[in-house]
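Counting from 180, one number per residue, gives the positions in the sequence shown under the numbering used here.
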Amino acid sequence: MNRKASPLLWLALALIATIALFPYLWIVLTSFKARTDILTTPPVWVKDPSWFNYTNMLFSRGFDSYLMNSAIVGLSSTVIALTVGTLAAYAFTHYKVPAGNHLFFYILATRLGPPVAYALPMYFLFSKLGLLQSQIGVIVAHATFNLVLVVWMMKTFFEEIPAEIEEAARLDGCTEWQLFSRICLPISLPGLVTAAIFIFIFSWNELLFALILSAGKATTLPAMIPSLAMHTGTLWGEVAAAAVVQTIPVIIFTFIAQRHLIRGLTFGAVKG
180 MNRKASPLLW LALALIATIA LFPYLWIVLT SFKARTDILT TPPVWVKDPS
230 WFNYTNMLFS RGFDSYLMNS AIVGLSSTVI ALTVGTLAAY AFTHYKVPAG
280 NHLFFYILAT RLGPPVAYAL PMYFLFSKLG LLQSQIGVIV AHATFNLVLV
330 VWMMKTFFEE IPAEIEEAAR LDGCTEWQLF SRICLPISLP GLVTAAIFIF
380 IFSWNELLFA LILSAGKATT LPAMIPSLAM HTGTLWGEVA AAAVVQTIPV
430 IIFTFIAQRH LIRGLTFGAV KG
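1) Thinking just about the alpha-carbon of each residue, which of Thr433, Trp415, Ala436 is nearest to the one in isoleucine 205?
2) Which whole-angstrom value describes the C-beta separation of tyrosine 176 and threonine 399, a residue pair presumed to lie in contact below a C-beta threshold of 8 Å?
3) For phenylalanine 211, count the other beta carbons within 10 Å of its own beta carbon; 16 or more makes it buried, fewer makes it exposed. Which is it?
4) Kindly indicate which residue of Thr323, Ala348, Ile380 has the alpha-carbon position closest to the one of valine 263.
5) Hey, is the stretch 310–325 in contact with the stretch 368–388, meaning 3+ C-beta pairs nearer than 8 Å?
6) By the 10 Å Cβ neighbour count, where 16 or more other Cβ atoms means buried, how is asparagine 280 classified, buried or exposed?
7) When you compare the CB positions of asparagine 248 and serine 367, do they come within less than 9 Å of one another, or not?
8) Going by the beta-carbon positions, is the gap between alanine 268 and valine 329 smaller than 9 Å?
9) Out of Leu390, Leu304, Val225, which one is the CA nearest neighbour of proline 401?
10) What number of angstroms, rounded off, separates the C-alpha of glycine 451 from the C-alpha of isoleucine 344?
11) From what residue to what residue does the alpha helix (DSSP H) around tryptophan 224 run?
12) Out of Thr413, Pro294, Gln314, Leu308, which has the shortest C-alpha to C-alpha gap to asparagine 325?
13) Which two residues bound the contiguous alpha helix (DSSP H) that contains lysine 307?
14) What number of angstroms, rounded off, separates the C-alpha of proline 186 from the C-alpha of tyrosine 233?
15) How about methionine 409 and phenylalanine 242: are their beta carbons less than 9 Å apart?
16) Restricting to Cα atoms, I'd like to know which of Arg290, Glu339, Gln314 is closest to proline 369.
17) Span of the alpha helix (DSSP H) holding glutamate 343?
18) Give the range of the alpha helix (DSSP H) segment to which glutamate 385 is assigned.
19) At what residues does the alpha helix (DSSP H) containing tryptophan 331 begin and finish?
20) Would you decide whether threonine 219 is buried or exposed? Buried here means 16 or more other CB atoms lie within 10 Å of its CB.
Below, the structure is given as structure tokens:
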């Protein structure tokens, strides 16, 4: 019975994948269209593919600087959030933190509210600190907002490590730092990679904080794309080209780390 249902299952999965990927495929096709073809009704497929949208975006609008800003902000905020969040998760798991349950809930609560609720207070705070229109301000905002994800995920991974392994390491003379760096952290590597992927994607695609806190030389790629909507009309071809280029690093990063990502998402689901 399962063999008979298998082709239907694969057909259903293929249909779902097609529906999910069609909007992205249409964006890719739009990025190669001329402006007249984009606005044609009814819509048409690509007649004469052109790299004009890519070249104009890359060389005429300073796209390289926006791309570099996004890379710096994404990587820096990911490293900061992973470092602070992993240490905090380890402390919550292995030490008796005063009011630990309440503190852990307060950390989780920062993710319960919508980002727009934090945007205005952050704007005034960063204005006082002189961090507006700078990469540092956006990095701090992204790292702060994504920190809870690291703490929550890594705490779960640290709790799954058998206590016998840690006890054996202590009997062999491991210090607390050696236990963390040589035993717990390597075992939890799939969770660390999974958290890194999610944080990088969230930071790379984040618009609100980047739009409010950055400007000029610190503008990131998501904050640059709305500027393509001009008073003469929206440059849909360049918008599509920017969207395609923006997705490439995320796709590459995810494919490289997909082995760890799958292990991280399924860690602890099946115990031997």
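Note that CB positions come from ideal geometry on N, CA and C, so glycine has one too.
According to the structure data:
1) Per the sequence shown, the amino acid found at residue 205 is tryptophan instead of isoleucine. Of the listed residues, the one whose Cα sits closest to tryptophan 205 is Trp415.
2) The chain is shown only over 180 to 451; residue 176 falls outside these bounds and no answer can be derived.
3) Around the beta-carbon of phenylalanine 211, 16 or more other beta-carbon atoms lie within 10 Å, marking it buried.
4) From the listed residues Thr323, Ala348, Ile380, the smallest Cα separation to valine 263 is found for Thr323.
5) Yes, they touch.
6) Exposed, because fewer than 16 other Cβ atoms sit within 10 Å of the Cβ of asparagine 280.
7) In this structure, serine 367 does not lie closer than 9 Å to asparagine 248 by Cβ.
8) Going by beta carbons, alanine 268 and valine 329 fall inside the 9 Å limit.
9) Nearest to proline 401 by C-alpha distance, out of Leu390, Leu304, Val225, is Leu390.
10) Per-residue confidence for glycine 451 stands at a pLDDT of 41, beneath the threshold of 50, marking its modelled position as unreliable; the derived number appears in the next sentence. Taking the straight line from one Cα to the other gives about 16 Å.
11) Judged by DSSP secondary structure, tryptophan 224 falls outside any alpha helix (DSSP H); it is assigned neither H nor E.
12) The residue with the shortest Cα to Cα distance from asparagine 325 is Pro294.
13) Element bounds for lysine 307: 294–308.
14) C-alpha separation (whole angstroms): 40 Å.
15) No, they are not a contact pair.
16) In terms of CA proximity to proline 369, Glu339 leads the group Arg290, Glu339, Gln314.
17) Residues 342–350.
18) Counting along the chain, glutamate 385 falls outside any alpha helix (DSSP H), and DSSP gives it neither H nor E.
19) Residues 314–339.
20) The residue is exposed, with fewer than 16 neighbouring Cβ atoms inside 10 Å.
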